[in-house]
Structure formats: structure tokens, C-alpha cells
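What follows is a single structure, written as C-alpha cells, with notes after it.
In the UniProt record's numbering, the protein residues as written are 1 to 113.
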């Protein structure tokens with residue numbers, strides 16, 4: 001993670017937190033845009049919490065009143081954002097969350113001790 005020195009031009013008490021640089025902010029904005037849709041947020045939650053660490057697309061379509069192509073589109077957006085990965089096994093695709101990516105996102109909101 002690249003960190004900018006936000007204390008250099010402070011007029012008041014210096015900030016103790018490190019800020020994102022522009023490139024990382026742009027990248028992460030794309031990730032959060034992918035997560036801004038409630039369907040995609042639910043899909044990621046289902047995949048991340050699936051027993052065995054992965055979920056079959058056949059199980060991901062059941063909870064939604066959406067067509068399989070629509071679910072596939074949402075999964076593609078999550079995959080392009082680097083949040084999930086998929087592996088084709090015969091007819092079905094099995095998805096798993098990418099732990100490093102989720103840990104990175106969670107770390108953005110860690111408050112200083």
C-alpha cells in the first residue's frame with residue numbers, strides 16, 4: 001500500500017492516519033462500485049461464508065428471483081473487481097472469495113488503537 005504524508009501541510013494538529021494515494025483510491029473506488037449493488041454484496045457474502053470456502057453457481061441462483069444470465073453478470077463484475085475467482089468443473093462454475101483482497105478492504109476501516 002502506498003501512503004502519502006498528510007502531515008506536511010497541516011495547519012492544525014497533524015493527522016495520524018495514512019491516506020490512500022490517487023492510484024489506489026481509483027482502484028478501490030472500482031471495487032466499492034462493484035460492491036454497491038445489493039445483489040453483488042449478497043453474492044460475495046454467500047461465497048465468502050460458504051462451507052468449504054467455495055460456492056457453486058447452481059446454489060447461488062436459488063435465493064434470487066433473477067435469471068441465470070443476470071446472476072452470471074453480477075459474478076463477472078465481482079470477478080473483474082478481483083473479489084472472487086471461479087473454476088469450471090464440468091457444467092458448473094465454483095466461486096471462492098479472494099481472502100487477501102477482502103483483508104485489504106477490511107484493513108481500510110481499522111481505527112488507530
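Note that the Cβ used here is the ideal one computed from N, Cα and C, for glycine as well.
As the structure is a prediction and not an experimental result, all values here were calculated from the model.
In the DSSP secondary-structure assignment, residue 84 is bridged to 97.
For the options 53, 75, 99, the alpha carbon positioned closest to that of residue 61 is the one of 75.
The beta carbons of residue 48 and residue 97 sit about 4 Å from each other, so the pair counts as a contact at 8 Å. When the Cα atoms are used, residue 99 and residue 42 turn out to be separated by approximately 17 Å.
In this structure, residue 81 places its C-beta atom within 9 Å of the C-beta atom of residue 30.
When rounded, the separation of the alpha-carbon atoms in residue 73 and residue 45 is 17 Å.
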